[in-house]
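So the protein sequences, as listed, match chains A and B.
All residue numbers for the first sequence refer to the working numbering, where the first residue is 1 and numbers rise by one.
All residue numbers for the second sequence refer to the working numbering, where the first residue is 1 and numbers rise by one.
The structure under discussion appears below in the form of structure tokens.
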Amino acid sequence: MKYIVRKAFYNFEKEEKYLNDMSAKGLAFTDYSWCRYVFEDAPAGKYIYRLELLENPVTHPESMNYIKFMEESGVEVVSYYMRWVYFRKLAADGPFDIYTDLDSKIVHYTRIKSLFSALWLANVVTFFTNLIVGISEYRTNLLFAGLSLVAAVGLYLFVLKPVNEKLRKLRSEKNIRE
Amino acid sequence: MSERTEYGPLTEAVYYILLSLYKPLHGYGIMQNVKEISNGRVTLGAGTMYGALNTLLEKGWIVPEIGDDDSRKKEYRITDLGKENVEYEIKRLEELIKNGKIVARGEQA
């Protein structure tokens, strides 16, 4: 049977944990589209789920090479959304982690940071543009300015700040070990 | 591409990938081999390994294996340059172990 859950995450690790918690309850995640998760019945804990932000769009040759490589190691692509890919592997095959050393974890978090920094910057630019237009000409633009400001502050507090903190920890760990 | 690079410590992942490729192996084979020879201590993530393999290919430490390709899985093997780096790493590790034993365990040199 199929179950549809509407849900939004701003932290990919929390999203990953949610999918694994659902899997542990016997609900295997099978498809994603914007804020919509599809689950199907499966033996409890059958799959381990991992999310990854790719460097390129999923259809890019480099990404296709990478996905083929993942599939050869027993990993299945469940769904994707823009550059995010949802992977899963049978729990019976043992632990499933995509990045197992500090260097590659730092590369992945840096990629996430760039994505959200660009979004943040776009909102900041929109905020100032609408603010100027709003003050000088059309009052309604002040509303858009307000929305962009909320988005920029939210992105900073809930996404960029935790990602920066994570990167700082990984880098300080990197000073003393691999 | 395969210029002589300066020697430095290898990461654990790279060291074990190189050791795995004295015989041609594909990605998943490397992951299994590394797990086996480290008695389950080292599990290589596919993402970590993919990045390492690409860097090793660029440096000319490993090459794709050309041959009867029924499995369609890409196999790799170590080059002479790669072996040279492994040799250097073994010497470096021996030195580390020797000094560790002398200082931390009070063993004789």
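Backbone N, C-alpha and C define an ideal beta-carbon position, used for all residues, glycine too.
Rounded straight-line distance, which links the Cα of residue j to that of residue i
{"i": "A/Tyr49", "j": "A/Lys68", "result": "17 angstroms"}
{"i": "A/Ser136", "j": "A/Asn164", "result": "37 angstroms"}
{"i": "A/Lys7", "j": "B/Gly82", "result": "48 angstroms"}
{"i": "A/Ala28", "j": "B/Arg77", "result": "38 angstroms"}
{"i": "A/Pro57", "j": "A/Tyr80", "result": "10 angstroms"}
{"i": "A/Glu178", "j": "A/Thr59", "result": "32 angstroms"}
{"i": "A/Leu170", "j": "B/Leu10", "result": "19 angstroms"}
{"i": "A/Thr100", "j": "B/Val42", "result": "9 angstroms"}
{"i": "B/Leu44", "j": "A/Ile106", "result": "16 angstroms"}
{"i": "A/Tyr3", "j": "B/Leu93", "result": "54 angstroms"}
{"i": "A/Leu147", "j": "A/Ser104", "result": "35 angstroms"}
{"i": "A/Leu121", "j": "A/Lys113", "result": "12 angstroms"}
{"i": "B/Lys59", "j": "A/Gly26", "result": "45 angstroms"}
{"i": "A/Tyr32", "j": "A/Glu16", "result": "13 angstroms"}
{"i": "B/Met31", "j": "A/Asn20", "result": "23 angstroms"}
{"i": "A/Ile98", "j": "B/Lys98", "result": "34 angstroms"}
{"i": "A/Phe39", "j": "A/Arg139", "result": "45 angstroms"}
Segment limits, alpha helix (DSSP H) that includes residue i
{"i": "B/Tyr16", "result": "12–20"}
{"i": "B/Ile62", "result": "No alpha helix (DSSP H) holds B/Ile62; the beta strand (DSSP E) holding it covers 62–64."}
{"i": "B/Lys101", "result": "80–104"}
{"i": "B/Leu57", "result": "46–59"}
{"i": "B/Tyr28", "result": "27–37"}
Secondary structure of residue i, DSSP reduced to three states
{"i": "A/Val153", "result": "helix"}
{"i": "A/Ser172", "result": "helix"}
{"i": "A/Leu53", "result": "strand"}
{"i": "A/Tyr47", "result": "strand"}
{"i": "A/Phe29", "result": "strand"}
{"i": "A/Tyr10", "result": "coil"}
{"i": "B/Tyr7", "result": "coil"}
{"i": "B/Glu75", "result": "strand"}
Cβ separation of residue i and residue j, assumed to be a contact under 8 angstroms, to the nearest whole Å
{"i": "A/Leu53", "j": "A/Trp84", "result": "6 angstroms"}
{"i": "B/Thr55", "j": "B/Ala13", "result": "Wrong, their Cβ atoms sit about 11 angstroms apart, outside the cutoff."}
{"i": "B/Val103", "j": "B/Thr79", "result": "Rounded, the Cβ-Cβ distance is 36 angstroms, inconsistent with contact."}
{"i": "A/Gly134", "j": "A/Asn123", "result": "Not quite, the Cβ-Cβ distance comes to about 15 angstroms (not below 8 angstroms), so this is no contact."}
{"i": "A/Phe116", "j": "A/Leu149", "result": "So it is not a contact: roughly 16 angstroms between Cβ atoms."}
{"i": "A/Gly74", "j": "B/Tyr16", "result": "Contact doesn't hold; Cβ gap of about 19 angstroms is too wide."}
Boundaries of the beta strand (DSSP E) in which residue i is found, first to last residue
{"i": "A/Leu160", "result": "Per DSSP, A/Leu160 belongs to no beta strand (DSSP E) and is neither H nor E."}
{"i": "A/Glu40", "result": "36–41"}
{"i": "A/Tyr3", "result": "2–6"}
Proximity test, residue i beta-carbon vs the ligand ATP heavy atom, cut-off 7 angstroms
{"i": "B/Lys73", "result": "No copy of the ligand ATP appears in this structure; indeed no ligand is present at all."}
Beta strand (DSSP E) segments (min. 3 residues) lying fully within the stretch 57–138 of chain A:
Along the stretch 57–138 of chain A, the beta strand (DSSP E) occurs as fully enclosed runs of 3 or more residues at 76–81, 84–90, listed in sequence order.
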